[in-house]
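Just so you know, the protein sequences line up as chains Z and E, in that order.
Heads up: take any position in the first sequence, counting from 1, add 82, and you land on the numbering used here.
Heads up: take any position in the second sequence, counting from 1, add 82, and you land on the numbering used here.
Protein chains: 2
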Amino acid sequence: MSGPPRTAQDVIESFAIDRASPIPLWFQVAQHLEQAIAAGDLPQGTLLDNEIALAQRLGVSRPTMRRAMEQLVSGGLVARRRGIGTRVIQPKVRRPLELTSLHDDLSAGGQQPSTAVLRFETVAADAEVAARLDLDERAPVVCIERLRSALDRPIAMMTNYLPAALVTFEAEDLTDTGLYELLRRSGLRLHSAAQTLGARTATAAEARRLGEARGAALLTMERVTTDDQGSTVEYATHLYAASRYSFEINLVR
Amino acid sequence: MSGPPRTAQDVIESFAIDRASPIPLWFQVAQHLEQAIAAGDLPQGTLLDNEIALAQRLGVSRPTMRRAMEQLVSGGLVARRRGIGTRVIQPKVRRPLELTSLHDDLSAGGQQPSTAVLRFETVAADAEVAARLDLDERAPVVCIERLRSALDRPIAMMTNYLPAALVTFEAEDLTDTGLYELLRRSGLRLHSAAQTLGARTATAAEARRLGEARGAALLTMERVTTDDQGSTVEYATHLYAASRYSFEINLVR
DNA sequence: CAGTGGTCTAGACCACACC
DNA sequence: GTGTGGTCTAGACCACTGT
Chain Z
83 MSGPPRTAQD VIESFAIDRA SPIPLWFQVA QHLEQAIAAG DLPQGTLLDN EIALAQRLGV
143 SRPTMRRAME QLVSGGLVAR RRGIGTRVIQ PKVRRPLELT SLHDDLSAGG QQPSTAVLRF
203 ETVAADAEVA ARLDLDERAP VVCIERLRSA LDRPIAMMTN YLPAALVTFE AEDLTDTGLY
263 ELLRRSGLRL HSAAQTLGAR TATAAEARRL GEARGAALLT MERVTTDDQG STVEYATHLY
323 AASRYSFEIN LVR
Chain E
83 MSGPPRTAQD VIESFAIDRA SPIPLWFQVA QHLEQAIAAG DLPQGTLLDN EIALAQRLGV
143 SRPTMRRAME QLVSGGLVAR RRGIGTRVIQ PKVRRPLELT SLHDDLSAGG QQPSTAVLRF
203 ETVAADAEVA ARLDLDERAP VVCIERLRSA LDRPIAMMTN YLPAALVTFE AEDLTDTGLY
263 ELLRRSGLRL HSAAQTLGAR TATAAEARRL GEARGAALLT MERVTTDDQG STVEYATHLY
323 AASRYSFEIN LVR
């Protein structure tokens, strides 16, 4: 049922660009190109036309076309070389991952995560939490403790502190939805997260809770997350059963 | 000894832009701004002039000024809001970190790393290595095993596989210089690294080598690194003594 | 040499925030 | 309203690559 082979020119000319849309033109162009590469319409190794020709073909200016290309380069989908041209490279199954949370990770992996909220209350920040969140001591913060399970086995103990003003949701929302997703829904735009990943052996109590043997290896994670306005949004300390969870991280540049 | 307080305008007008330099103008502008923020000449909370005024003041066009600003935004140094302006935010000591290696990490931390090269030889890729490096089986690869110490105590066992064609250095070079640095010197531009971080307890042999107790927690890291042309450059499996090393990672966006 | 991406310019119009 | 950043255009020159 596959149609006749299409040239790269044909594929690109078929892109539908909507100038009335609030989505920037360069982003629409980039999206179409990413999709065409992912779908195999622009196979690995394809040498694209030069910027000017592509821009004309799509009816946009060269800077707009360039902006779209820069997006693809930073995503590792094409390689550009001066004097040579732009070539499609391996559409590797690199996970795009950047700022995600465990819930997102597990959902994407089809692991059907479930979450038990063990604690959800507003408290006064102690010295440590205040320092991490860049707040005054005794400022109101919400402390959240959750036990995350996958396939009905516990996999992580998670403690999070957030400035009370940011918590526009309730404990029940956390059973179905990840914390990051809830923050995004309230209009927060996350910018960066500084994480420290380490390991240690489990105490008896931790092993019991996570269903691991005593002395089992645990992954530890400490994280401070910042929004695009430079405000600190979250301080988290998590504990993972290392036998059943590992972090996948993609660093770019 | 500090001079009279300078206004943001004064600070910015003092930037020296070199139009003859091969360094792009927008990058020069961004560097000057980053430095001024780091030095406290543009303190946290400063509201900068609008783009057009700044561009005029520095003698560049508005798109060039914008490119510099975008650099600062992605670095988390300023926040921009439409209709409001551009404000300097916390010059937090976020490590810029991106693609670094353990050697760089330790050097930056003043830990005086030393490295013993245990193995450095060209072998035929087995199925696993070939798959990770995207090579044919039995293709020539260089296998490197190193023991990295800090302050004279072993801290990591590192195994790396590289396509033989990329190895333009010798075993001795690795005692003084990190692997990533050597690759960069040979003209390689690294683009992304997919890492998996996990943990497990040490075997007797591993514990002995790393100077840890039997059953101690180890951090494990597996990594595939790619250059800006989409070629796979390195496959690594590392083992860290978790009692003395943890990963610090900055995720952006 | 001709062709490519890399950089820069001088304008324009728009969406949004505050008064 | 006015002022801000966000987007887009049409052109120009340069540096690098391969012939």
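We put the beta carbon where it would ideally sit given N, CA and C, even for glycine.
All values reported here derive from a predicted model rather than from experimental measurement.
Should E:D310 be flagged as near chain Z, meaning a C-beta pair shorter than 8 Å?
-> yes
Opposing strand residues paired with Z:F251 [DSSP bridges] = DSSP lists no partner for Z:F251.
Looking at the C-beta of Z:Q113, does it have a partner C-beta in chain E at a distance below 8 Å?
-> So, not an interface residue.
So the beta strand (DSSP E) Z:I94 belongs to, where does it begin and stop?
-> No beta strand (DSSP E) contains Z:I94, which is instead part of the alpha helix (DSSP H) from A90 to E95.
Would you say E:N332 reaches chain Z, if we count a Cβ-Cβ gap shorter than 8 Å as a contact?
-> yes
Output yes if chain Z places a C-beta closer than 8 Å to the C-beta of E:T283; else output no.
-> In terms of beta-carbon proximity, E:T283 lines the interface with chain Z, with at least one pair separated by less than 8 Å.
List the endpoints of the continuous beta strand (DSSP E) containing E:A98.
-> Element bounds for E:A98: n/a, residue is neither H nor E.
Do E:T257 and E:V199 have their C-beta atoms within less than 8 Å of each other?
-> yes
Interface positions of the segment 108-135 of chain Z facing chain E (Cβ-Cβ less than 7 Å), listed along the chain | none
Evaluate Z:P245 with the Cβ neighbour count: other Cβ atoms within 10 Å of its Cβ, from every protein chain shown; 16 or more gives buried, anything less gives exposed.
-> That one is buried.
The segment 155-173 of chain E: positions lying closer than 7 Å to chain Z by Cβ = G158, A161, I171 and Q172
Taking E:A324 as the query, report the chain Z residues whose CB atoms sit under 7 Å from its CB, ordered along the chain.
-> G280, A281 and R282
Could you check what DSSP says for E:R162 in three-state terms: helix, strand or coil?
-> strand
Are the segment 247-262 of chain Z and the segment 327-335 of chain Z touching, with three or more C-beta to C-beta distances below 8 Å?
-> no
Indicate whether the contact test is met: 3 or more Cβ pairs, each with one atom in the segment 150-162 of chain E and one in the segment 290-302 of chain Z, closer than 8 Å.
-> no
Cβ of Z:L181 within 8 Å of any chain E Cβ | Residue confidence for Z:L181 is low, a pLDDT of 42 falling below 50, so the modelled location carries little weight and cannot support an answer.
Should E:Q153 be flagged as near chain Z, meaning a C-beta pair shorter than 8 Å?
-> No, its Cβ sits nowhere closer than 8 Å to a Cβ of chain Z.
Along the beta strand (DSSP E) that carries E:R230, what are the first and last residues, could you check?
-> P222 to A232
Would you check if the distance between the CB atom of E:G158 and the CB atom of Z:H273 is smaller than 8 Å?
-> Taking the C-beta atoms as reference points, Z:H273 is found nearer than 8 Å to E:G158.
Of the residues Z:R271, Z:A112 and Z:Q91, which one's Cα is nearest the Cα of Z:G312?
-> Z:R271
E:L229 versus E:Y322 - alpha carbon distance = 10 Å
So what's E:Y327 in DSSP terms, helix, strand or just coil?
-> coil
Limits of the alpha helix (DSSP H) - the one that Z:E152 falls within | R144 to S156
Given a limit of 7 Å on CB to CB distance, which residues of the segment 248-276 of chain Z reach chain E?
-> Listed by position, the residues of the segment 248-276 of chain Z near chain E (Cβ gap below 7 Å) are H273, S274, A275 and A276.
Using DSSP with H/G/I as helix, E/B as strand and the rest coil, what is E:D216?
-> coil
Hey, how far is the Cα of E:I119 from the Cα of E:R144?
-> Roughly 21 Å separates the two Cα atoms.
Beta-carbon proximity of E:T259 to E:A318, cut-off 8 Å | no
Ordered list of beta strand (DSSP E) runs contained in the segment 258-330 of chain Z, each at least 3 residues = 272-283, 299-309 and 314-323
Reducing DSSP to helix, strand and coil, say where E:A198 ends up.
-> strand
Should Z:Q277 go down as buried or exposed, given a rule of 16 or more other Cβ atoms within 10 Å for buried?
-> buried
Does the beta carbon of E:R148 come closer than 8 Å to any beta carbon on chain Z?
-> no
Determine, using beta carbons only, whether Z:A287 comes closer than 8 Å to chain E.
-> Among the residues facing chain E, Z:A287 is not included, as its CB has no counterpart in that chain under 8 Å away.
Measure the C-alpha to C-alpha separation of E:L124 and Z:T307 and round it to an integer number of angstroms.
-> 24 Å
Can you say whether Z:L300 is buried or exposed, counting buried as having 16 or more other CB atoms within 10 angstroms of its CB?
-> buried
Alpha helix (DSSP H) segments (min. 4 residues) lying fully within the segment 100-137 of chain E | 107-120
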